[in-house]
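Here the sequence shown is numbered in my numbering, starting from 211 and rising by one per residue. Yeah, the Cβ is synthetic: ideal placement off N, Cα and C, and Gly gets one too. Here is the structure we will look at.
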Amino acid sequence: MNPDLDRLQPYPFERLAALNADVEPPADRPTLALSIGEPQHAPPALAAEALTGALDGLARYPASRGSAALRLAIAGWLARRYPGASVDPNHQVLPVNGTREALFAIAQVVVDRSAPEPTVVLPNPFYQIYEGAALLAGATPWYYPSGRAPEFDAIPDAVWDRCQLLYICSPGNPTGTVLDHETLAALIERARRHDFVIAADECYAEIYPDEARPPTGLLEAAATAGYPAFDRCLAFHSLSKRSNLPGLRSGFVAGDADVIAAFARYRTYHGCAMAPPTQAASIAAWGDEAHVETNRAAYREKFDAVLAILDGVLEVERPDAGFYLWPRTPTDDETFARDLLTAEGVRVLPGRYLGRDTEHGNPGRDHVRMALVPELADCIEAARRIRRFVSGD
211 MNPDLDRLQP YPFERLAALN ADVEPPADRP TLALSIGEPQ HAPPALAAEA
261 LTGALDGLAR YPASRGSAAL RLAIAGWLAR RYPGASVDPN HQVLPVNGTR
311 EALFAIAQVV VDRSAPEPTV VLPNPFYQIY EGAALLAGAT PWYYPSGRAP
361 EFDAIPDAVW DRCQLLYICS PGNPTGTVLD HETLAALIER ARRHDFVIAA
411 DECYAEIYPD EARPPTGLLE AAATAGYPAF DRCLAFHSLS KRSNLPGLRS
461 GFVAGDADVI AAFARYRTYH GCAMAPPTQA ASIAAWGDEA HVETNRAAYR
511 EKFDAVLAIL DGVLEVERPD AGFYLWPRTP TDDETFARDL LTAEGVRVLP
561 GRYLGRDTEH GNPGRDHVRM ALVPELADCI EAARRIRRFV SGD
């Protein structure tokens with residue numbers, strides 16, 4: 211067996227299942243799950259229609275790089291969404307089977323395990339795929355605190371010198387923090403100075419509160435900073451959150467043509483080409499914004515309602531973007547999550563499960579993650595139960 215498998219830690223939901231193994235939620239009300247970030251809104255009909263209309267594509271092998279039509283649709287969306295992010299669909303775009311697959315695989319491409327102390331720098335708390343990717347690539351993870359204002363300048367130069375890959379997540383999971391243009395531009399300069407690749411997980415970038423202020427993206431920042439070739443920059447996007455299509459497993463990576471070429475070569479051997487019907491559905495989804503605007507409006511309504519109910523009982527802020535709340539708990543986060551499920555039948559994720567202990571402690575400790583993915587009525591009911599649980603009313 212690959213010995214690096216023994217370095218992997220249990221996934222957060224494995225730990226949550228163990229925590230709640232003997233919990234019996236109240237039988238007089240349905241259990242409401244805010245623990246998993248799986249979108250529950252209806253997917254766009256246009257994507258389903260395109261999918262079923264392309265079933266004849268199952269009779270042929272798909273290309274590893276995806277169809278020219280899909281790459282063109284992705285390039286068109288990027289140009290519309292991010293000022294200056296004009297990409298060559300033939301050399302700077304690669305369709306992937308969801309960002310999870312791609313965010314893991316990119317470490318296997320970028321990391322040179324023969325180098326002295328290969329290091330992957332990643333946020334803390336974080337999406338655990340980053341850590342697993344680093345470990346299975348033979349690298350050592352180095353965690354930076356990723357709260358409301360990640361302090362990249364506090365990372366020692368010696369770490370940057372060893373760094374081969376930097377993961378950033380903007381908007382952040384679980385904090386909802388958006389990295390601004392200045393921060394992204396500074397990271398690009400640092401990547402050029404220390405010679406590492408930036409992998410920007412932007413899968414929550416289409417869920418934001420103000421239609422006039424969409425989050426800045428890495429490729430947009432690179433173009434504005436004078437790097438239209440997106441040197442050392444990769445942006446990862448998905449239809450899972452944007453279009454409520456988590457089961458479609460469709461996304462893309464775009465940016466530095468040289469890294470994309472290496473990634474495409476890796477994926478040729480990996481055997482993970484996107485099925486033609488999935489490609490057809492993806493083209494339809496990337497080409498439509500109306501359903502995305504409707505989606506954002508639904509999340510705004512839920513945040514407004516839930517934050518009004520929780521006001522005064524939990525220390526919680528509206529996130530910059532994304533669909534998570536990240537409140538501080540009045541008690542230990544594991545105890546809070548377990549007791550909340552026991553008393554009120556609401557399932558949340560302890561924040562420590564999304565973080566790692568460092569010399570500064572675990573930044574996820576004494577927080578819980580709440581995903582406002584159920585329908586509005588269920589989010590409101592969950593918030594009322596949480597308020598009753600915390601206040602004792």
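Residue i and residue j closer than 7 angstroms at C-beta
i                 : j              : result
proline 573       : asparagine 334 : yes
alanine 283       : tryptophan 536 : no
alanine 237       : leucine 429    : no
proline 355       : leucine 332    : no
threonine 309     : cysteine 413   : yes
leucine 261       : proline 487    : yes
tyrosine 353      : arginine 566   : yes
alanine 431       : alanine 395    : yes
arginine 217      : leucine 345    : yes
leucine 256       : aspartate 498  : yes
aspartate 214     : threonine 387  : no
arginine 459      : asparagine 307 : yes
valine 556        : arginine 595   : yes
leucine 524       : proline 384    : no
aspartate 575     : arginine 562   : Reading off the sequence, residue 575 comes out as arginine, not aspartate. Yes, the Cβ-Cβ distance between arginine 575 and arginine 562 is below 7 angstroms.
isoleucine 590    : alanine 507    : no
histidine 577     : arginine 538   : yes
alanine 610       : alanine 445    : With the chain covering 211 to 603 only, the question about residue 610 has no answer from this structure.
glutamine 489     : serine 277     : yes
alanine 347       : glutamine 302  : no
phenylalanine 406 : cysteine 379   : no
glutamate 416     : valine 502     : yes
alanine 343       : proline 328    : no
isoleucine 408    : leucine 376    : yes
leucine 242       : aspartate 603  : no
tyrosine 292      : glycine 427    : yes
DSSP bridge partner residues for residue i (one or two, in chain order)
i              : result
tryptophan 352 : Val331
alanine 581    : Tyr534
cysteine 373   : Thr329
arginine 298   : Just to set this straight, residue 298 is aspartate in the shown sequence, not arginine. DSSP output for aspartate 298 lists no bridge partner at all.
cysteine 379   : Asp411
serine 448     : Gly461
glutamate 525  : Arg538
threonine 478  : DSSP output for threonine 478 lists no bridge partner at all.
leucine 586    : Leucine 586 is not bridged to any residue.
arginine 557   : Ala243
threonine 568  : Gly571
valine 303     : Ala464
Residue i burial status per 10 Å Cβ neighbour count (16 or more: buried)
i                 : result
histidine 570     : exposed
alanine 228       : exposed
arginine 323      : exposed
phenylalanine 533 : buried
aspartate 298     : exposed
threonine 568     : exposed
alanine 252       : exposed
proline 326       : exposed
histidine 447     : buried
proline 381       : buried
serine 601        : exposed
alanine 547       : buried
glutamate 442     : Before going further, note that residue 442 is arginine rather than glutamate in the sequence given. Arginine 442 should be labelled buried.
methionine 484    : buried
arginine 290      : exposed
proline 240       : exposed
tyrosine 221      : exposed
threonine 478     : exposed
alanine 368       : exposed
alanine 500       : exposed
glycine 461       : buried
glycine 223       : Per the sequence presented here, residue 223 reads as phenylalanine, with glycine not at that position. Counting Cβ neighbours within 10 Å, phenylalanine 223 comes out exposed, since fewer than 16 surround it.
arginine 425      : According to the sequence displayed, residue 425 carries proline and not arginine. Looking at its Cβ environment, which holds 16 or more other Cβ atoms inside 10 Å, proline 425 is buried.
Residue i CB to nearest heavy atom of the ligand SAM below 6 angstroms
i          : result
serine 324 : The model on display carries no ligand, and the ligand SAM is accordingly not part of it.
> Does the segment 469 to 480 come close enough to the segment 508 to 519 that 3 or more CB-CB pairs lie under 8 angstroms?
Replying inline: no
> Counting pairs of Cβ atoms below 8 angstroms between the segment 578 to 592 and the segment 245 to 258, do you hit three or more?
Replying inline: yes
> Does the segment 455 to 472 come close enough to the segment 266 to 274 that 3 or more CB-CB pairs lie under 8 angstroms?
Replying inline: no
>> Contact between the segment 533 to 551 and the segment 391 to 405 is defined here as three or more beta-carbon pairs at a separation below 8 angstroms; is this criterion met?
In response: no
>> Between the segment 541 to 548 and the segment 440 to 453, can you find at least three pairs of beta-carbon atoms closer than 8 angstroms?
In response: no
>> At 4 residues or longer, what runs of the alpha helix (DSSP H) sit wholly inside the segment 418 to 442?
In response: 428 to 434
> Counting pairs of Cβ atoms below 8 angstroms between the segment 336 to 348 and the segment 308 to 315, do you hit three or more?
Replying inline: yes
> Can you list the alpha helix (DSSP H) stretches of 4 or more residues lying completely in the segment 229 to 270, in chain order?
Replying inline: 255 to 262
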